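Its first residue numbered 1, the sequence shown is counted upward by one per residue in the UniProt record's numbering. Just below is one structure, and these are the notes that go with it.
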Amino acid sequence: MELQIDRLSDLPENVIETILINLPIRDAVRTSVLSHKWMYKWTTIPELVIHDYSIPPAEDEIVRIDKLVNFIDRLLLLHKGPVRKFDLSTGFLIDSSIDSWIRFLSRNEVKELSLQFQGEKPYKVPYSLFYCQAITCLNLSSCILKPPSVFEGFSVLKSLNLKYVILFDDEDLETLISNCIALERLRLIELVGCTHIKIRGLNLQHFYFSGELTDICFIDAPKLSFVSISIHNSHFEQVGQGESSNLIEVLGSLTGLEKLTIEWYFTQVIQLYENFSFLVFSYFLEFYLISYEDVATELVEDFWEAQGHLDCSMNHLRVVRAYDIGGARPELQFIKFLLVHSPVLETLNVTPRSGKNIDKMTMLEELLRFRRASASAEIIHNRTSED
């Protein structure tokens, strides 16, 4: 036993740190009983990951909340050295305590901060968070966000992830993004209070959006190469009628795209492909098409018939993945269009929609009959769980 303890005590400092980082925080604290040398090692852990299960379970919720607060208070009180990463995920909302933890982190130059709340009530982020100027990665979930008027941005922030975040207006998001000049990755999921989005990012490379959207505008985003957009609006006007998202125009202006993933209503997709310039430079296209029985099928068919004369070679497109394909004529015509205009295409990967009414074999046979600009293009038909 003594030999085993000696071996633990003689481990290099970097090995001890790695061990502690990879242990659940509760177990990391317990290592203080291993030996005298290990007694305070946990107080220097640079990465703190805390969840509700970091404390023992208790029948009484108030008791459990008190235990969690006391555990984190003690953890931060005894902590020595920098906190490189702080990750809190909890269903309990204890505003005043969380505020004090953020103030502590702002003074200790936290680099990665993740605050994820699962309760019904969102957490209102205090102004002290905006003083975390060493932060490089910020992840907020179920929060209320209002940057102060004097906020000049996170100067070294590279990754921003906002999920179920409430903003007071569109300008708050624009201010937050445009003032983070080093931002490279941006994920926006189910935002509340923000449907007209303006994005300025000279260094922005990856953009992911999921939620309801009316307008989006990329301003000065020359490095943007990976875009994923999933629009959940319950209704879009038909082509040429009323107000609809200007996503069509925006994607047409992004000529540096390498990978594009789209999930959208099919009647809007035909608008999208009226401007093909973004596909001309894309290497990878991935799309989900949401279509319904009442879609204006004749309108869609007329559109694709009119595209036969277009000279629109997509000379970089190598991989296409199509999901939730039901075999409808407009869907197949779009896939046919891609095959005809993609001379270097290597793979077309098709996943059919689940359902007994989908004739998957007939759809596959028709896909295989389509003419291909690329002699080496392979069509892969994925099985569904029902097959």
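Beta carbons: idealized from backbone N, C-alpha and C, even for Gly. Please read these numbers as outputs of a predicted model, since none were measured by experiment.
Same chain only: Cβ atoms within 7 angstroms of residue i, ignoring 5 sequence neighbours per side
i: Leu364; result: His381
i: Pro147; result: Phe130, Asp172, Thr175, Leu176
i: Ile98; result: Tyr123
i: Glu47; result: Ile21, Arg84, Lys85
i: Arg353; result: Asp324, Ile325, Gly326
i: residue 441; result: Beyond the ends of the chain as shown, which are 1 and 387, falls residue 441; an answer cannot be given.
i: Leu78; result: Thr43
Nearest candidate by alpha-carbon position, reference residue i, set the options
i: Pro82; options: Ile65, Asn70, Ile45; result: Ile45
i: Tyr208; options: Thr214, Phe154, Leu224; result: Leu224
i: Trp42; options: Leu20, Ile166, Ala373; result: Leu20
i: Val340; options: Pro57, Arg371, Ser210; result: Arg371
i: residue 388; options: Asp170, Phe168, Asn179, Leu160; result: Past the boundaries of the shown model lies residue 388; the chain is included only from 1 to 387, so the question cannot be answered.
i: Gly201; options: Glu61, Ser155, Glu331; result: Ser155
i: Asp95; options: Asp60, Asp27, Ile144; result: Ile144
Run of the alpha helix (DSSP H) containing residue i, from where it starts to where it stops
i: Phe207; result: Careful: Phe207 lies outside any alpha helix (DSSP H), inside the beta strand (DSSP E) at 206 to 211.
i: Ser97; result: 95 to 107
i: Asn22; result: 13 to 22
i: Arg84; result: Neither: Arg84 is in no alpha helix (DSSP H) and is coded neither H nor E.
i: Thr175; result: 170 to 178
i: Lys223; result: That residue, Lys223, is in no alpha helix (DSSP H); it is neither H nor E in DSSP.
i: Lys360; result: 360 to 369
6 angstroms Cβ shell around residue i - same chain, five flanking residues per side excluded
i: Glu112; result: Lys85, Cys137
i: Ser106; result: Ser128, Tyr131, Cys132
i: Ser210; result: Ile189, Ser230
Cβ-Cβ distance between residue i and residue j below 7 angstroms
i: Leu183; j: Leu204; result: yes
i: Leu115; j: Leu157; result: no
i: Lys163; j: Ser141; result: yes
i: Ser230; j: Glu190; result: no
i: Ile50; j: Ile25; result: yes
i: Phe168; j: Ile199; result: no
i: Lys121; j: Leu75; result: no
i: Val227; j: Leu186; result: no
i: Ile55; j: Lys37; result: no
i: Asn139; j: Asn108; result: no
Boundaries of the beta strand (DSSP E) in which residue i is found, first to last residue
i: Ala322; result: 319 to 325
i: Phe218; result: 215 to 219
i: Asn139; result: 137 to 141
Close beta carbons around residue i, own chain, < 8 angstroms, minus the five adjacent residues each side
i: Gly91; result: Asp52, Phe117, Gln118, Gly119
i: Glu152; result: Asn179
i: Val344; result: Asn315, His316, Leu317, Arg318, Ser374
i: Gly242; result: Here the model assigns Gly242 a pLDDT of 35, short of 50, so the residue's position is not dependable, and the following value carries that caveat. No residues qualify anywhere along the chain.
i: Gly192; result: The sequence shown places Val at residue 192, not Gly. Once the five neighbours on either side are set aside, the close Cβ partners of Val192 are Tyr164, Val165, Ile166, Leu167.
i: Asp359; result: Gly327
i: Pro222; result: Leu202, Gly256
Next on the checklist: Contact between the segment 341 to 352 and the segment 321 to 331 is defined here as three or more beta-carbon pairs at a separation below 8 angstroms; is this criterion met?
Outcome noted: yes
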